[in-house]
Amino acid sequence: MRLKHSSSPAPVAPNPSMGLVLPPRSTLRKAGLASPRTLLFPIDVSDAPELWTTIDASRWHLERWLPWVPYNGSLETTMHYAEASAADWDAGRALRFCIRSNPGHELLGVVGLDSCVYLHRSCELGYWLKREATGRGLMTEAAKACIDFAFRTVGFHRIRCAAGTNNYPSLRVIGRLGFRFEGIARQAELVGTRWLDHAVFARLAVDDPPP
Ligand SMILES: CC(C)(COP(=O)(O)OP(=O)(O)OC[C@H]1O[C@@H](n2cnc3c(N)ncnc32)[C@H](O)[C@@H]1OP(=O)(O)O)[C@@H](O)C(=O)NCCC(=O)NCCS
C-alpha cells in the first residue's frame, strides 16, 4: 500500500515529511468533492450501469482520443472497470471520480489521478466528458476540484497531464488549469490505428494557481 488512509472524515492536511494521506473512499462517497456545478464521487461498482450508458452514447466523441473506448464494449466490461477503480483507490494506485451534475446528480464523465507514486508524490490527471456536457466549462471546473484535492488533501507534489498535440479542447483545459508545458512525447499513445504525439505538461504544488 502506497498511501496512508485517513480514518477521519475531515480532510487531513498533508505533512511533507509523512508522504500522502488518502481519505477513505466511503467518506468521499457520502460527501463528494464540490465545485460550483459538479460533485465528484470516487467510482464505485454501483456507478457501472450509468457509466456504461454514458460511454456507449458518447462512443464516437470519446474514441477519437481515448484508446480504451473500443475495448469497453459491454456493461460487464464497465463493471470490471468500476471494480478495478474501487480497488485502485483502496490500494492507493489511482483516485478516479465520477463527475455528477449539481443539482441533478446526472453522470457527466470521469476525472481522476492515475499512476500515483508515493515515493515522488506524483500522479497523472486524466478526464473525459460526455459530448452533451462539453462546451460549458464543466471539465475545467471539475478538474480544478480534483487538483485542489490532490495538492491540499492528499499531498501530491507534482501532477502530470498529457494530451494529443491536436486534441485542442483538452489542450485548452490544460492551459486553463495552469499546467506548464514540458515537452513532446513522440508516438506516446496508440488510439485506434493512429499514433498520437503527446504534449506533456505538469503542475507542482508550489506553482502559482491559475487566475
Ligand atoms: C477534453 C474535454 C473534457 C474538454 O471539454 P470542454 O467542454 O471543452 O472543456 P471545459 O469543460 O473546460 O469547457 C470549456 C469550454 O466551455 C466554454 N464555456 C462555456 N461556459 C463556460 C464557463 N462558465 N466557464 C468556462 N468555460 C465555459 C468555453 O468557451 C470553452 O470552450 P473553448 O475551449 O472552445 O473556448 C472534452 O472535449 C472531452 O471529453 N473530449 C474527449 C475525451 C478527451 O479528449 N479526454 C482528454 C484526453 S487527453
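Each number in this note's numbering corresponds to the 1-based position in the sequence shown with 61 added.
From the three backbone atoms N, C-alpha and C, an ideal C-beta is built for every residue, glycine too.
Inset, instruction - Run the proximity test for G253: is its beta-carbon closer than 8 angstroms to any non-hydrogen atom belonging to ligand 1? - result: No, the beta carbon of G253 sits no closer than 8 angstroms to any heavy atom of ligand 1.
Inset, instruction - Determine the closest residue to G253 out of P164, R221, Y142, W121, with distance taken between C-alpha atoms. - result: Ranked by how close their Cα comes to the Cα of G253, the residues P164, R221, Y142, W121 have W121 in first place.
Legend entry - Cβ-heavy atom distance, A148 to ligand 1, below 8 angstroms: Every heavy atom of ligand 1 is 8 angstroms or more from the Cβ of A148, so no.
Legend entry - Sequence-distant residues of the same chain with beta carbon closer than 6 angstroms to A92, five excluded per side: None.
Legend entry - Residues bridged to Y142 (per DSSP): In DSSP, Y142 forms no bridge with anything.
Legend entry - Where the beta strand (DSSP E) containing T99 begins and where it ends: 99-103 is the extent of the beta strand (DSSP E) around T99.
Inset, instruction - Could you tell me whether the Cβ of A109 comes closer than 9 angstroms to any Cβ of chain B? - result: The chain labelled as chain B is not found in the depicted structure, where only one protein chain is given.
Legend entry - Per-residue burial, S135 [other beta carbons within 10 Å of its own, 16 or more giving buried]: Classification of S135: exposed, given that the 10 Å Cβ count is below 16.
Inset, instruction - For H252, write down the residues that DSSP places opposite it in a beta bridge. - result: Contrary to the premise, residue 252 reads as Val rather than His in this sequence. For V252, which the question treats as bridged, DSSP gives the partners R255.
Inset, instruction - To the nearest angstrom, report how far apart S69 and S96 are at their CA atoms. - result: Since pLDDT at S69 reaches only 47, below the 50 mark, its modelled position is unreliable, and the value read off the structure follows with that caveat. A direct Cα-Cα distance of roughly 22 angstroms separates S69 from S96.
Legend entry - Same chain, Cβ closer than 6 angstroms to C207, five either side skipped, listed in chain order: If we look at C207 and ignore the five residues flanking it on each side, its Cβ neighbours are V172.
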